[in-house]
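When you line the sequence shown up against mature numbering (1 follows the signal peptide of the UniProt record, and there is no 0), it's residues -22 to -1, 1 to 122, in that order.
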Amino acid sequence: MSKRLKFAVFALWLAVPLAAAAVESNPLVAERWKTRPVVVVVPAPGDALLARVESALRQTATREAFLDREMVLYTVVGGKGRRNGRALSATHTGALLNALQLDPAGPPTFLLIGKDGGIKMTEGPDVDLQAVFAEIDRMPMRRR
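In structure tokens:
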């Protein structure tokens, strides 16, 4: 076997566990088929998108609608991640951002992820949670 081929095989052997580790550290993998994650990524704590979502979820009816649809909230604020208010490790936060190809310093972003793990909706600061709920209610899994 040539040195180049040996090196290529060795590099592939090293890369497979690293890729698998990146997938395993993505917290969305554990949510698949169980919940509908909402991911809010904003560069700073005072961002209007984050304030809008948090304010809406403080309202009882909105919070109940959120829970009824089996949703969970992931936030990444200034690069620090949380799931339903509980801190995520830097590894999990990085894997989440990498999987969704989001920049923590980029524009404020709201994503709805389906139970199948696919991105169902992408919004900005003007997101309307009632429209998000309506979108979920049109989904085949929700209709069942």
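Heads up, the beta-carbon is just placed ideally off N, CA and C, and yes, glycines get one too.
Query: D104: CB within 7 Å of a non-hydrogen atom of the ligand ZN; Result: This structure lacks the ligand ZN; in fact it carries no ligand of any kind.
Query: Best match in P23, I97, A65 for proximity to L80 [C-alpha to C-alpha]; Result: I97
Query: Of the listed residues S67, L90, A68, nearest to L78 (C-alpha basis); Result: L90
Query: Where the alpha helix (DSSP H) through L80 begins and ends; Result: Unbroken run through L80: none, as it is neither H nor E.
Query: Ranges of the beta strand (DSSP E) found wholly within the segment 25 to 82, counting only runs of at least 3; Result: 49 to 55, 58 to 61
Query: Option in V55, V16, A8 with minimal Cα separation from V105; Result: V16
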